[in-house]
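Going down the list, the protein sequences come from chains A and B.
Under this note's numbering, the first residue of the first sequence is numbered 168, with each subsequent residue one higher.
Under this note's numbering, the first residue of the second sequence is numbered 1302, with each subsequent residue one higher.
Here's the structure we're looking at; comments come further down.
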Amino acid sequence: MFKILEKEWLNVNTFKMVVDAPMVARSCEPGQFVIVRDTEDGERIPLTICDYDREKQTVTIVVQTIGGSTLEMSKKEAGEFLADFVGPLGHPSDLVTDDIEEVKKKKIVFVAGGLGTAPVYCQVKWLHEHGITADVIVGAKTKDIVILEDEMKAVGNLYITTDDGSYGRTGMVTKCLEDLVKNEGKEYDHCVCIGPMIMMKFLSQLTAELGIHTMVSMNPIMVDGTGMCGACRVSVDGETKFACVDGPEFDATKVDFNEAMRRLGLYKPEEMAAYEKVKAQS
Amino acid sequence: MEVDMMKKVPVREQAPEVRAKNFEEVCEGYNKEEAMAEATRCLNCKNPQCVQGCPVSIDIPGFVQALKEGNIEDAYQVISLSSALPAVCGRVCPQEKQCEGKCIRGIKGESLSIGKMERFVADWARENNIKPKAAESKKGKKVAVIGSGPSGLTAAGDLAKLGYDVTIYEALHKAGGVLVYGIPEFRLPKEKVVEKEIENIKGLGVDIETDVIVGKSITIDELLNEMGFDAVYIGSGAGLPKFMGIPGENLNGVFSANEYLTRSNLMKAYEEGSKTPIMKSKKVAVVGGGNVAMDAARTALRLGAEVHVVYRRGESELPARAEEVHHAKEEGIQFDLLRNPVEILGDDKGWVNGIKCIKMELGEPDASGRRKPVEVPGSEFVIDVDTVIMALGTSPNPLISSTTKGLDVNPRKCIVADDNGKTSRDAVYAGGDAVTGAATVILAMGAGKTAAKAIDEFLSK
């Protein structure tokens, strides 16, 4: 059992939990994920790590209530327990494992969409602690759903853009990046993009045009997260990879996003039904 | 009751048409009278071949004699000396290739039904709350066991009985390894059998820590150097599923057997109201001919699908336990033998709608000694299915080998260990599927047993 030490709603359907998880906190790195089950009969939910504290032995996750299981998990409060919290899983971000002197030479931009802001924060914070301040583009549909703004400002050079122009710049993240590069004299040679699959697809088309090497963090359907089930198959450069053990980050130009989006829809009707069921109980 | 010495006392089973629609155990097992009657068929050979056929060397004539006399508790203690999981082994061992395959009674008639007797004894002990005997004194030394599958549980049980402090680290949220995620309820009940046998092992003083991934959460070096373990046993199994590499394998509706079975068994997706979904299939092709293929096929059948097993060799080459093939056929699984998939076909939305196969014929024997299947040119045909389950075997997970310096692996990513389980690293032992690649529960148990002995010798120096 894993104690929830803090819980906070970040927007109408996204919450943050700080969890007492010594075995994860001792060894996790930015880019890695955990698998969480809220209760003994819960689904195994993969979540990318948002923050961790080795001394306090805590790991922070940010969760969006998109299905029955996440909605159910959102009912847990600080002081209560999660049944399972296992990790770290997957590889850390290249930025963390590469030679830091080489990383310092890079001009890095992060692009985050929605919930992707949380795992991006983890990497930006790590870089900041290592003397690197990266540019960060955070995209949201509208002002009310922007998350982790203050946290991100403290560690990175933040650009917020909203689809409806209600906050920060107006338009999608692709427009923001294009403006920065084409009209505002910014130069980047490395991009990390985390967000909805469709956003990562279009953003990586743009970065390919702009000649910016881009890594994307894939979030496919998973069961175990340790390489056992193969549900998370992703085609990368024509080869089948398991996002859980080979990723979750891959070279964006090599990822078959259309296949990845199709595979995400495998249990859509079941997910919708589960969501409605839990919602009706609330 | 009257016993025909040439024939096994028949065992009660759920009728095929009934069990094809439920997940209750297929085989109901012997009652005391039946088990004792079967025991009278034992010839009590001076040189018992059956024991040699058993990977954990259970004193089979010993327990059968006790059973014959009605001393079930004695029979259980005899088995317990050699096996930590008798109720499991009685159900899932390929007895026809092991103990029963060597039984002298089997030369002229049917061999003794050793597996069914073992199962009865173990079930009776559980129902009567008889436990294996714990160590009387402690050694004051710690051993870490990685993986709570059959190999790890056996090694842990044996080491605990010898007085070691044993901690098992399990990556999943539940202990049991393949016994809980792989083998279905209808063949091996989880709450009734697996959990109880694991409780028995815990009762010996073994601590099980779930949700810990050795190689990620903690490394073997940290276990030895920081956590104070004196030795480590790696029984992490062979968890990575193989795919064929044919076109269409990433279409929606193609699953590894591991995924399909994990959803159903570990996550209980077969139960109404389960939070983990499983595909509601109408017609399923299961590719492969081993026990895992049979388990996946029979699970899909119970979930309401018409099921075809597609296997590239013939009936006699099917690697599955004879009983599983027999049960699968009784339940209405169709066997498309000497057929091999060449492509999985999908509709315009990317969902499976067929599997294109080619007919095969058997040629010369290959390295495995089995006749090699050869394609018949131009014989392609399509089976309309909405789901394809790949049950082609598994290979070891590189998580541990890739994070443990100096731990040798072979080109198949299997950990290299000698006959006693000793690896290239001092104080590190390994066994089961992690060393051999995918094999059986009992061979993994045998390896755990051998390694426990070797670890004891190493730590007693």
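Virtual Cβ for every residue (Gly too), placed ideally from N, Cα, C.
| query | result |
| --- | --- |
| Indicate whether at least one CB of chain B lies closer than 8 Å to the CB of A/C396. | yes |
| Do B/P1356 and B/L1744 have their C-beta atoms closer together than 8 Å? | yes |
| With respect to the alpha helix (DSSP H) encompassing A/E318, which residues constitute its N-terminal and C-terminal limits? | E316 to V322 |
| For A/R400, return the contacting residues in chain B, with the cut-off set at a CB-CB distance below 7 Å. | N1551 |
| What are the start and end residues of the alpha helix (DSSP H) that includes B/V1393? | P1387 to V1393 |
| Where does the unbroken beta strand (DSSP E) through B/I1361 begin, and where does it stop? | Here B/I1361 belongs to no beta strand (DSSP E); instead the alpha helix (DSSP H) covers I1361 to K1369. |
| Take every Cβ of the stretch 1465-1474 of chain B, pair it with every Cβ of the stretch 1510-1519 of chain B, and state whether three or more of those distances are shorter than 8 Å. | yes |
| If you run the structure through DSSP and keep just helix, strand and coil, what is B/R1406? | helix |
| Taking 6 Å as the limit between beta carbons, can you name the residues of its chain near B/S1680, skipping five residues before and five after? | I1659 and K1660 |
| Any beta carbon from chain A within less than 8 Å of B/P1362's own beta carbon? | no |
| A/G190 versus chain B: which residues are under 8 Å apart at the beta carbon? | Per the sequence shown, residue 190 of chain A should be read as Met rather than Gly. D1512, V1513, S1518 and I1519, listed in chain order. |
| What are the residues in the stretch 170-203 of chain A lying within 7 Å of chain B by C-beta distance? | M190, V191 and S194 |
| Decide if B/L1480 is buried, meaning its Cβ has at least 16 other Cβ atoms within 10 Å, or exposed. | buried |
| Relative to the C-alpha of A/Y288, which candidate in A/V191, A/E210, A/G198 and A/T237 has its C-alpha closest? | A/G198 |
| For B/A1570, which option in B/R1603, B/N1430 and B/G1546 has the closest C-alpha, if you only look at C-alpha atoms? | B/R1603 |
| Is it the case that the stretch 1555-1568 of chain B contacts the stretch 1715-1734 of chain B, given that we only count it when at least three CB pairs across the two stretches are under 8 Å? | no |
| If you measure between the beta carbons of B/A1598 and B/V1588, is that distance less than 8 Å? | no |
| My guess is that B/A1735 and B/S1557 are in contact by the Cβ rule of under 8 Å, so how many angstroms apart are they, rounded? | That pair is no contact at about 19 Å. |
| I believe A/L370 touches A/V322 by the beta-carbon criterion, under 8 Å. Please report the beta-carbon distance rounded to the nearest angstrom. | The pair is not a contact, with the Cβ atoms about 21 Å apart (cut-off 8 Å). |
| Is A/F369 helix, strand or coil when you go by DSSP? | helix |
| So is A/D346 in contact with chain B if we call contact Cβ pairs under 8 Å? | no |
| Could you please tell me which residues of the stretch 403-430 of chain A, in chain order, have their CB closer than 7 Å to any CB of chain B? | T407, E426, R429 and R430 |
| Distance check for B/P1433 and B/Q1378, CA to CA, integer angstroms please. | 7 Å |
| My assumption, with CB atoms under 8 Å, is that B/G1410 sits in contact with B/M1307. Please give the rounded CB distance. | 3 Å |
| Helix, strand or coil for B/I1482, going by three-state DSSP, please let me know. | For clarity, residue 1482 of chain B is Tyr in the given sequence; the question names Ile instead. Of the three classes helix, strand and coil, the one that applies to B/Y1482 here is helix, per DSSP. |
| If you draw a straight line from the C-alpha of B/I1499 to the C-alpha of B/A1385, how long is it? | 9 Å |
| Residues of chain A with CB closer than 9 Å to the CB of B/F1530, please, in chain order. | Correct list: empty, because the minimum Cβ distance to chain A is about 15 Å. |
| In chain B, which residues lie less than 8 Å from A/T237 when you measure between Cβ atoms? | Going along chain B, no residue has its Cβ under 8 Å from A/T237, so there is no contact; the nearest lies around 11 Å. |
| Locate the beta strand (DSSP E) running through B/V1422, then write down its first and last residues. | Counting along the chain, B/V1422 falls outside any beta strand (DSSP E), though it belongs to the alpha helix (DSSP H) covering I1415 to E1428. |
| Using only alpha-carbon positions, find the residue among B/N1654, B/G1391, B/P1678 and B/E1676 that is nearest to B/M1418. | B/G1391 |
| When you compare only the Cα positions, how much space is there between B/N1553 and B/Y1331? | 43 Å |
| Less than 8 Å between the beta carbons of B/P1697 and B/A1539, yes or no? | yes |
| Enumerate in chain order the residues of its own chain whose CB-to-CB distance from B/V1608 is below 6 Å, with the five nearest sequence positions on each side excluded. | V1585, A1598, A1601, L1602 and I1634 |
| How about A/L282 and A/V303: are their beta carbons less than 8 Å apart? | no |
| If we call anything under 8 Å between Cβ atoms a contact, is B/V1593 one with B/G1483? | yes |
| Does the Cβ of A/F417 lie closer than 7 Å to at least one heavy atom of the ligand NAP? | Within the structure as shown, the ligand NAP is missing, as the structure has no ligands at all. |
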